[in-house]
Amino acid sequence: MGVKGHEKREVTALTKIDKDLLNDFYKTMVKIRFFEENIEKYFLAGEIPGFVHLYIGEEAVATGVCANLTRDDYIQSTHRGHGHTIAKGADVNRMMAEIFGKKTGHCKGKGGSMHIADFSVGMLGANGVVGGGYTLATGAALAIKMQKKDNVAVVFFGDGASNRGTFHEAANMAAAWKLPVIFVCENNEWASTTPYKTTTSVADIADRAVGYGMPGVIVDGNDVFAVYDAAKEAVERARQGGGPTLLEAKTYRIKGHFVGDPEMYRTREEVQERFDKNDPIKRFEKRVMDENLMSRNELDQIKEQVKKSIEEAVEYAKNSPYPDPEELFDDLYV
Amino acid sequence: MREITFSQATLEAMDEEMSRDERVFVMGEDIARQGGIFGQFKGLPEKFGYDRVKDTPITETAIIGAAVGAALAGMRPVADMHFADFMGVCMDEIFNQMAKIRYMFGGQTTVPVVVRAPDGLVNQAAAQHSQSIEAWFLHIPGLKVVTPSNPADAKGLLKSAIRDDNPVIYFENKVLFKQKGPVPEGEHLVPIGKANVVQEGKDVTIVSYSIMLHTAFKAAEILEKDGIRAEVIDLRTISPIDKDTILESVAKTKRLAVGHEAVKIGGVGAEIAAIVAEEGLDYLDAPILRFGAPYTPVPFSPPLEKAYMIRPEDIAEGIRKMF
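Given below as structure tokens:
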């Protein structure tokens, strides 16, 4: 039994969701999926340098949360940040180019997968340091409050990162000052190779909200409608000056911690079983078709269109030049 | 020119910069209601309000992290660290976030944060409240680090730091806070990255900064009696180091002594000695002298603390041996 203080969210009523939003949900989720599949493919082919962490299976979280945000809202992301970046509206050509290490990337090839950012859409950066984003989002929210705007700052983090002290320090500051921050925990059950239950004092991360005097909400992270709904409430509360929320999205990491992870800590079968049962994209498809909101044909059309755009992004990245060695010192200082 | 204290000079800089740019605000522990441990924030909340002069929770981590986040969202924060020693608590926010964000994101943003860090020995504050840790930050590309030695520079460097679009760490020595000196009224900017030749000389170059500059001066006075005329350089900024001024001086004097209150090993003096060895070895007529604290934590008991401190006589003695 968890500590009293959080509530569990069930699936929202679909009647409230309009068609454009449905299309957006699907488009964003499949965009992330295709993007990640291509990253995996080209990483394994040796065309992508560094290392990469995939968001496959967790698409509904970024999609449902970011559907509530405008361009002027901010997000802070993680080492597993491609999904958040796409959902916030970053250009996928430049994302792909960045991950390929090319000059045309969002960060001119200086950041790569773990340090990707697109400030033009309010994506303030992935973070190579687990738990590095909380205080930055809190500061962005402080700026919003001082500037008397009604924007919000969202920080995504994992179950593993919830054990960092930075979580406590940022959550306390955000709550004490009633800052417009939404702490979105993507509980994918794995902190790298360690099951979160073996290292974490509570079964539900949302319980920790009680300690900061903020609402803690648990939501099915593989149900984009439920995520959207729960995030909407948190975002609206923050916009109205009601302060932060801790939103825990229960999901599951389908791929290894990084591409190339031998995954000695779990079997392929258990992962496949979870994916077959709970793929957020398949669940979306089933639901919208069952309720006659979208047809197979409509879904396929979107899928084809998105697939093509990702293939184009790969071409763009491949055809882009690498940075010149002379660019080494660029952007170190203003 | 009117004389005010180092502390008042920093207050004046804050007041002027907060008046000219509403994006500037300051936060830290005990700065608003207390006015800062050294009185360096007194009166600011009454003038600018408790939102722009913010008392924070005790969390160096969130203070720096939030300052960085606020900078990314268009503000120009000044973050106070209470004691420089506490920067250990927020090193990730300083060196992985603040220092790297502009570079690793390809110049998409600026990070105009000033971190104010009172440092140095004072009143037997001992191991965790007395350190001079500026050398750590010299080793981190992306940061600028300034170390004023007098009230006028305290004002001019703080104003420049606040206007700089890069993150700047501003080390202010705790003993110097009370020191009085002439400070220009109104606009007074001291450029970051430019050392100051405070005394011209021909026989030896002494390079120092912050409080140790005063000790170096006393050493120069002792040497003067021996007929040795030292050129004294106040670095003012330790990152980036103004190596041209140092090399130019050493080319003239043929001798270099360099030091600081911080631990000698791995200190700023080591970097300067290396620069001169690399780029000015031929100028030298004697080995380089480095002075700095012994390789121990700062001890508590007065006789031990005294033994830990660099004395002008020690510097003078070392320099005499160069001849």
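Chains as they are written, first to last, in my numbering: chain L, 1 to 334; chain A, 1001 to 1323.
Don't be surprised by glycine CBs; every beta carbon is placed ideally from N, CA and C.
- For the set I116/L, T245/L and L54/L, the Cα lying nearest the Cα of Y212/L is the one of T245/L.
- Within chain L, the residues placing a beta-carbon under 8 Å from that of P1057/A are E169, N172, M173 and A176, ordered along the chain.
- In the three-state reduction of the DSSP assignment, W1136/A falls in the helix class.
- In the structure shown, G122/L falls within a coil segment according to DSSP collapsed to helix, strand and coil.
- Taking each of Y1050/A, F1025/A and I1241/A in turn and checking the Cα distance to Q1034/A, the smallest one comes out for Y1050/A.
- For the C-beta of M1075/A, the chain L residues within less than 9 Å are, from N- to C-terminus, G139, L142, A143, M146 and Q147.
- Taking 9 Å as the cut-off between beta carbons, the residues of the stretch 1085-1107 of chain A near chain L are C1090, D1092, E1093, N1096, Q1097, K1100, I1101, R1102, Y1103, M1104, F1105, G1106 and G1107, in sequence order.
- Under DSSP, the beta-bridge partners assigned to D1234/A are N1196/A and S1208/A.
- By the neighbour-count definition (other C-beta atoms within 10 Å, threshold 16), P1148/A is a buried residue.
- Contact of I1162/A with chain L is not assigned, every C-beta pair being separated by 9 Å or more.
- Nearest in C-alpha terms to M1001/A, of all of A1219/A, D1314/A and K1180/A, is K1180/A.
- Annotated three-state conformation of E1317/A is helix, per DSSP.
- Per DSSP, the continuous beta strand (DSSP E) segment holding P1077/A begins and ends at R1076 to D1080.
- With respect to the C-alpha of G1292/A, the residue from L1213/A, E1187/A and E1278/A having the closest C-alpha is L1213/A.
- A distance below 9 Å separates the beta carbons of V1298/A and A1126/A.
- Y74/L has a beta carbon lying within less than 9 Å of a beta carbon in chain A.
- The three-state secondary structure of D1119/A, taken from DSSP, is strand.
- In the displayed model, E189/L falls within coil according to three-state DSSP, outside both helix and strand.
- Residues of the stretch 1135-1151 of chain A whose Cβ lies closer than 9 Å to any Cβ of chain L, in chain order: P1141, G1142 and K1144.
- No Cβ-Cβ contact shorter than 9 Å links F1105/A with K102/L.
- When C-alpha distances from R208/L are compared across I182/L, S162/L, D229/L and K197/L, the shortest belongs to S162/L.
- Beta-bridge pairing by DSSP links A1293/A to V1263/A.
- For the C-beta of Y333/L, the chain A residues within less than 7 Å are, from N- to C-terminus, N1166.
- Secondary structure remark: continuous alpha helix (DSSP H) runs of at least 4 residues inside the stretch 179-225 of chain L: none found.
- Taken in chain order, the whole alpha helix (DSSP H) runs of length 4 or more contained in the stretch 1024-1058 of chain A are 1044-1048.
- Using a 10 angstroms sphere on the CB of I1094/A, the tally of other CB atoms reaches 16 or more, which defines it as buried.
- Counting only residues of its own chain and dropping the five nearest sequence neighbours on each side, S1132/A has a CB closer than 6 Å to the CB of D1119, G1120, E1261 and A1262.
- Closest in alpha carbon position to P262/L, among S295/L, V217/L, G158/L and S192/L, is S192/L.
- Taking CB atoms only, S120/L has a neighbour in chain A less than 9 Å away.
- The stretch 1187-1205 of chain A and the stretch 1100-1114 of chain A do not touch, with fewer than three beta-carbon pairs separated by less than 8 Å.
- Between A45/L and the set C185/L, G64/L, K318/L and D220/L, the nearest pair of CA atoms involves K318/L.
- Every alpha helix (DSSP H) of 4 residues or more that sits fully in the stretch 123-168 of chain L is shown, in chain order, as 134-146.
- In the DSSP assignment, I1004/A falls within the unbroken beta strand (DSSP E) covering E1003 to T1005.
- When C-beta distances to chain A are compared with 8 Å, every residue of the stretch 14-45 of chain L stays at or above that value.
- According to DSSP, T245/L shares a beta bridge with I182/L.
- In the structure shown, E1172/A adopts extended strand secondary structure according to DSSP, grouped into three states.
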